[in-house]
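Colleague:
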Amino acid sequence: MSFSMTTRGILACLGAAILFGANAVASKYLMDGGLSPLVLSQGRVTFAAILTVLWLSLKKPAAFIIRPFDIIHFLLLGSIGMAGVNACYFTAISKIPTAAAILIEYMAPAFIAVFAWAFMHQRMGYVKFIALLLAMAGCYLVVGGYNVDLFSLNLGGLFWGLGATLTYSFYIVYSEYSMRTHSPWTVICYALIVAAVSYNIVLSPKNLVTMGWDRTSWTLLILSASLGTIVPVGLFAHGVELLRSTRATIVSTFEPIVAGLMAFLFLGERLLLLQIIGGLAVLTAVVLIQWEKEHDEMTPAIIKARKNT
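Quick note: the sequence shown, position 209, residue 209 per the working numbering, numbers continuous.
Okay, structure coming up:
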């Protein structure tokens, strides 16, 4: 069976959302066990970088080939983008409720749409605009945004949350730009390497060996680095390569739905009617993106195909 570029991109982004959502539940288990969110992020990124380098060395060694000029791009992508969004997000949740931090971060599709329109010449048709509104409204309901009084929250936490939104938006849009000339795995590998180095400069590598973790914690950390980081990041990058950043990010808002459903099934958390309505809104947004089947000549996959002909 042959799928269209739009369908393949949507399936990749949905797969990434499912794995990211499952990873959120595993991460919550580790943090409930006393693991610092920043150390957890340090461990995930560090092991993900090591595993990615080992896998590419065996399977795709050509992915390491870049031009000297590309180094600055990957330094920006890995430090400001991948490491920056994690640092801002985890600092935010240390100062304001997690639901509020998630709500602020999921403003990202709007920022990405603006950045992509201003710097990457992405069109914003009425179907995509409606899908964007549905996705953001759905996330608002899924994470319980109606229970969050933003004006009463710690001002520093709000700024860190906004920082997470901006750095995440930068990472997505700049990844699309990088994938015009490089494979998704080249972009992911160098971003992970830079992010891992950044983390281990700021946080001592000793954190990863002096925590006294049990076998279950180590197993979950390795799974978080592989199935919870490498695979979904790879799938989402492939989605951006096929859909461009705005459409891919709209589809990725399926992630909090997965996290909420898994928390309901495995952690005993409640699933409210408004959350279900929010989930249906996001699903409607995904259906609209599939229905639109936009053909964009500036899609990274199409640009690279033209260069190879």
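Glycine included, C-beta positions come from ideal geometry on N, C-alpha and C.
Buried or exposed for methionine 124, going by 16 or more other Cβ atoms inside 10 Å?
Modeller: Flag for methionine 124 reads exposed.
Colleague: Roughly how many whole angstroms lie between the Cα atoms of methionine 1 and isoleucine 172?
Modeller: Reliability fails at methionine 1, whose pLDDT of 43 lies under 50, so the model's placement of it is uncertain and no value is given.
Colleague: Work out the CA separation of lysine 95 and glutamate 297 for me, nearest whole Å.
Modeller: Computed Cα separation, rounded: 43 Å.
Colleague: Expressed to the nearest angstrom, what Euclidean distance is found between the alpha-carbon atoms of threonine 229 and valine 258?
Modeller: Computed Cα separation, rounded: 16 Å.
Colleague: So valine 85 and alanine 164 are supposed to be a Cβ contact under 8 Å. How far apart are they, rounded?
Modeller: Right, the Cβ-Cβ distance comes to about 5 Å (below 8 Å), so this counts as a contact.
Colleague: Looking only at C-alpha atoms, which of Phe254, Ala62 and Pro232 sits nearest to leucine 280?
Modeller: Residue Phe254 is the option with its Cα nearest to leucine 280.
Colleague: Who are the near neighbours of serine 175 in its chain, counting only those whose CB is closer than 7 Å to its CB and skipping five residues on each side?
Modeller: Once the five neighbours on either side are set aside, the close Cβ partners of serine 175 are Leu77, Val187, Ala237 and Val240.
Colleague: What is the rounded straight-line gap between the Cα of tyrosine 29 and the Cα of isoleucine 303?
Modeller: Answer to the nearest angstrom: the Cα atoms are 42 Å apart.
Colleague: Applying the criterion that 16 or more other CB atoms from any shown protein chain within 10 Å of the CB defines a buried residue, is valine 209 buried or exposed?
Modeller: Exposed, because fewer than 16 other Cβ atoms sit within 10 Å of the Cβ of valine 209.
Colleague: Below 8 Å on the Cβ atoms is my guess for alanine 26 versus serine 224; work out the distance and round it to an integer in Å.
Modeller: That belief holds up - the Cβ atoms of alanine 26 and serine 224 are roughly 6 Å apart, short of 8 Å.
Colleague: CA-CA distance, threonine 52 and cysteine 189?
Modeller: Answer to the nearest angstrom: the Cα atoms are 6 Å apart.
Colleague: From leucine 19 to glycine 9, what distance separates their C-alpha atoms?
Modeller: When rounded, the distance between both Cα atoms is 16 Å.
Colleague: Does the stretch 189–203 come close enough to the stretch 36–43 to have 3 or more Cβ pairs within less than 8 Å?
Modeller: Contact holds: three or more Cβ-Cβ distances are below 8 Å.
Colleague: Which term fits lysine 128, buried or exposed, when burial requires 16 or more other beta carbons within 10 angstroms of its beta carbon?
Modeller: Buried, because 16 or more other Cβ atoms sit within 10 Å of the Cβ of lysine 128.
Colleague: With the cut-off set at 7 Å, would you say isoleucine 289 and arginine 247 are in Cβ contact?
Modeller: It is a contact, given that the beta carbons lie within the stated cut-off.
Colleague: Just the C-alpha distance for glycine 260 and glycine 156, rounded to the nearest angstrom, thanks.
Modeller: Roughly 27 Å between the two C-alpha positions.
Colleague: Could you give the distance in angstroms between the alpha-carbon of aspartate 191 and the alpha-carbon of leucine 56?
Modeller: First, the residue type needs correcting, since residue 191 is alanine and not aspartate in the sequence shown. Roughly 14 Å between the two C-alpha positions.
Colleague: Out of Trp185, Glu269 and Pro109, which has the shortest C-alpha to C-alpha gap to glycine 234?
Modeller: Of the listed residues, the one whose Cα sits closest to glycine 234 is Trp185.
Colleague: Could you compute how far the alpha carbon of alanine 135 sits from the alpha carbon of asparagine 308?
Modeller: Each residue's Cα considered, the two are about 36 Å apart.
Colleague: What residue range does the alpha helix (DSSP H) around leucine 280 cover?
Modeller: It spans 273–292 - the alpha helix (DSSP H) in which leucine 280 sits, taken as one unbroken run.
Colleague: Helix, strand or coil for asparagine 86? Go by DSSP, reduced to three states.
Modeller: In this structure, asparagine 86 counts as helix in the three-state DSSP scheme.
Colleague: Pull up the distance between the alpha-carbon of cysteine 13 and that of alanine 108, whole angstroms please.
Modeller: Cysteine 13 and alanine 108: Cα-Cα distance of roughly 16 Å.
Colleague: How would you call leucine 58, buried or exposed, if buried means at least 16 neighbouring beta carbons within 10 angstroms?
Modeller: It counts as exposed.
Colleague: From the DSSP output, in three-state form, read off phenylalanine 254 for me.
Modeller: Correct three-state label for phenylalanine 254: coil.
Colleague: Cα separation between tyrosine 146 and leucine 103?
Modeller: Taking the straight line joining both Cα atoms gives about 10 Å.
Colleague: When the Cα atoms are used, what is the spatial distance from tyrosine 140 to proline 256?
Modeller: C-alpha separation (whole angstroms): 10 Å.
Colleague: Can you tell me the Cβ-Cβ gap for glycine 144 and alanine 92, rounded? I've got them flagged as a contact below 8 Å.
Modeller: Rounded, the Cβ-Cβ distance is 16 Å, inconsistent with contact.
Colleague: Report, in whole angstroms, the separation of the C-beta atoms of alanine 196 and alanine 49, which I expect to be a contact under 8 Å.
Modeller: Correct: roughly 4 Å between the Cβ atoms.
Colleague: So, is tyrosine 89 buried or exposed, given that buried needs 16 or more other C-beta atoms within 10 angstroms?
Modeller: Tyrosine 89 is buried by the Cβ-count criterion.
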